[in-house]
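Under our numbering, the first residue of the sequence shown is numbered 342, with each subsequent residue one higher.
Ideal placement from N, C-alpha and C gives every residue a C-beta, glycine not left out.
Notes to accompany the following structure.
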Amino acid sequence: MIPDFENRLQKYAALITHVGLNVQPGQEVVLRTPIDTAPLARQVAIHAYQAGAKFVHALYSDEQMTLIRYQHAPRDTFDYFPQWYADALIGLAESGAAFLSVYATDPELLKDQDPELISLAQKVAAQKTQRFAELLGADQAPWTVVSGAVASWARRVFPDLAPDEQVDALWEAIFKACRVDAEDPVEAWRQHTENLAKRAHYMNQKQYVALKYTSEGTDLTVGLPQNHIWKGGFGQTPQGVRFTANIPTEEIFTLPHRERVDGVVRATMPLNLRGNLVENFWFRFEQGRVVEAHAEKGEAILKQLLETDENAVRLGEVALVPQSSPIAQMGILFYNTLYDENASCHLALGRAYRTSLVDGEAMTREAFMAAGGNDSLVHVDFMIGSDDMDIDGILPDGSTEPVFRRGEWAFEVAS
Ligand code: ZN
Ligand code: ZN
């Protein structure tokens, strides 16, 4: 057992409730979590009720149940998604409930299942819950994504440890990445998110027209639309409540121009995609579209992702993370996007966040896309950062300024 586990779990839950969700009196709280992390969910519920929550909904999931469906359900039923579940999420989001998602899965859960069925099931789920994703993407309700250690996932991250040590090692890594052992973790997080907000502010003042990435295997120009907004640290609901959508988070991010991405980019970490691993892959972009994609492993599932809809081949997020981030420094490959994306500069294929563009929430889909924002059923992050990565910001007059040098920030902000 990990030293002081109960106390640290409790601190982690406090962080999730007060910094992640920032639960307010009278609010409903929705916990979407694997049954394996129920002890964490219960601690969050305690903090939420103590903060005045009206009701805590615990929607437990079970990855073995997911696997059983792929193994035994009739093949022609994978276009079904329960309407009641979608309606519940949408209704609760519209009423301003707070949403916690505990993302902890075996990255290879579905590796032996039919990629077409996986793709179909994911697509139908995304279609049915699209309104929910839009509401959260526009910060209409507070939400946060965190992880918890589960055995199936811990086994992949620490294959060389004895089985009874794997889950403990993963909890240790999670606590470390989330600064749970700081004297006052909630205060430490407030400072950390302030610092990220300052980086974002600096970039917003600059309004670069494009970023140019250079590293081994990567030579890519990513155009940024007019009025793009860099965000980092925290979001804010229409009621003015600050929340932190990811714990941990080390990134600042905005949206790329959907038609102005050109060149080649190499992924620097494997991607856990729909229960499959995609490894050693790269893309070539022309005028914003992926025109060539190659992966040494998992190419079929990657190509299915690109074919989800017409805009899955375009980018919806560009994010900057220094190589000195605590997660990067641990040098652990987590096979979990929440952790791996905060260890590395990344891009995402698919949907852009409306809040990444001035007045983006108020725009029609057509207006948002005309302004350079992408819209798709998917949003999949992939990592491109490395110790040798340089990034230059290109100003409207064509001159350039360093943004990253050798994997680190190239500018200072007041602390
Ligand atoms: Zn990101
Ligand atoms: Zn993302």
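{"Check": "Heavy atom of ligand 1 within 7 Å of glutamate 702 beta-carbon", "Outcome": "no"}
{"Check": "Rounded distance between the beta-carbons of valine 521 and leucine 356, thought under 8 Å", "Outcome": "7 Å"}
{"Check": "Own chain partners of leucine 688 with C-beta closer than 8 Å, once the 5 adjacent residues on each side are dropped", "Outcome": "Val563, Pro597, Val606, Leu656, Glu658, Val659, Ala660, Asp722, Phe723, Ile725"}
{"Check": "Sequence-distant residues of its chain with Cβ nearer than 7 Å to threonine 470 (five each side left out)", "Outcome": "Ala427, Leu430"}
{"Check": "Three-state secondary structure assigned by DSSP to proline 743", "Outcome": "strand"}
{"Check": "Delimiting residues of the alpha helix (DSSP H) encompassing glycine 734", "Outcome": "No alpha helix (DSSP H) contains glycine 734, which is instead part of the beta strand (DSSP E) from 731-735."}
{"Check": "Integer Cβ distance of asparagine 613 from threonine 678, believed to fall under 8 Å", "Outcome": "7 Å"}
{"Check": "Contact set, ligand 2 heavy atom to C-beta under 5 Å", "Outcome": "Glu658, Ala689, Asp722"}
{"Check": "Cβ pair alanine 386, leucine 372 closer than 8 Å", "Outcome": "yes"}
{"Check": "Coil, strand or helix - proline 375 by DSSP", "Outcome": "strand"}
{"Check": "Closer than 7 Å: histidine 569 CB and nearest ligand 1 heavy atom", "Outcome": "no"}
{"Check": "CA-to-CA distance, glutamate 528 to asparagine 348, given in whole angstroms", "Outcome": "17 Å"}
{"Check": "Ligand 1 heavy atom lying under 7 Å from the CB of histidine 720", "Outcome": "no"}
{"Check": "Sequence-distant residues of the same chain with beta carbon closer than 8 Å to alanine 354, five excluded per side", "Outcome": "Leu381, Gln384, Val385, Ile387, His388"}
{"Check": "Contact set for serine 666: own chain, Cβ-Cβ below 7 Å, skip 5 residues either direction", "Outcome": "Glu591, Asn683, Ala684"}
{"Check": "Glutamine 351 - DSSP class collapsed to helix/strand/coil", "Outcome": "helix"}
{"Check": "Stretch-stretch touch, CB-based, cutoff 8 Å, three pairs: the region 432-451 with the region 551-562", "Outcome": "no"}
{"Check": "Nonlocal neighbours in the same chain, by C-beta distance under 8 Å from glutamate 557, ignoring five residues either side", "Outcome": "Arg607, Ser727, Asp729"}
{"Check": "Best match in Lys539, Met342, Gln468, Gly672 for proximity to phenylalanine 594 [C-alpha to C-alpha]", "Outcome": "Lys539"}
{"Check": "Same chain, Cβ closer than 6 Å to arginine 599, five either side skipped, listed in chain order", "Outcome": "Gly629, Arg655, Gly713, Asn715"}
{"Check": "Rounded separation between arginine 416 and proline 500 - CA only", "Outcome": "33 Å"}
{"Check": "Nearest neighbour of valine 397, chosen from Phe419, Thr378, Leu433 [CA to CA]", "Outcome": "Leu433"}
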